[in-house]
Amino acid sequence: MGSTVLSLRIDGELLDRLRQHAAKRGMSVQDYVVRTLIRDDFDERFKVAVEETEKFYGDSRGGVTPPVDASRGVTPPIT
Numbered sequence: 035m036g037s038t039v040l041s042l043r044i045d046g047e048l049l050d051r052l053r054q055h056a057a058k059r060g061m062s063v064q065d066y067v068v069r070t071l072i073r074d075d076f077d078e079r080f081k082v083a084v085e086e087t088e089k090f091y092g093d094s095r096g097g098v099t100p101p102v103d104a105s106r107g108v109t110p111p112i113t
């Protein structure tokens, strides 16, 4: 996969905040913006995939979910 140049005109204050966020992570502004966009794109594609799965199998949120035992991180058996 190749790369393409994208030129953006953004507010100076936004650029300063992007620089701060990138610096906290030891990244360049370019890398920070690209990774943020990739993450947002993944989140959107994942959401769509979940919705499609729910359409195919039925929405699981309407059912009863057994409680989780927080101390062990497992769902106890229903007796």
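Note that the sequence shown covers residues 35 to 113 in my numbering.
Quick reminder that beta carbons are idealized off the backbone N, C-alpha and C, glycines included.
- Verify whether the separation of the beta carbon atoms of Val63 and Arg53 is less than 8 Å. In this structure, the beta-carbon distance from Val63 to Arg53 falls below 8 Å.
- Task: Consult DSSP for Leu40 and reduce its assignment to one of helix, strand or coil.
- Result: The answer is coil: DSSP assigns Leu40 none of H, G, I, E or B.
- Does the beta-carbon distance from Arg73 to Tyr66 come in below 8 Å? No, they are not a contact pair.
- Got a sec, what are the start and stop residues for the alpha helix (DSSP H) Gly46 sits in? For Gly46, the enclosing alpha helix (DSSP H) covers residues Gly46 to Lys58.
- Rounded separation between Ala57 and Gly36 - CA only: Looking at the two C-alpha atoms, the distance is approximately 26 Å.
- Task: Excluding the 5 residues preceding and the 5 following Met61 in the sequence, name in chain order all residues of the same chain whose CB lies nearer than 8 Å to its CB.
- Result: Result list for Met61: Arg69, in chain order.
- Proximity test, Thr38 beta-carbon vs the ligand NAP heavy atom, cut-off 7 Å: With respect to the ligand NAP, the structure shown offers nothing to examine, as it has no ligands at all.
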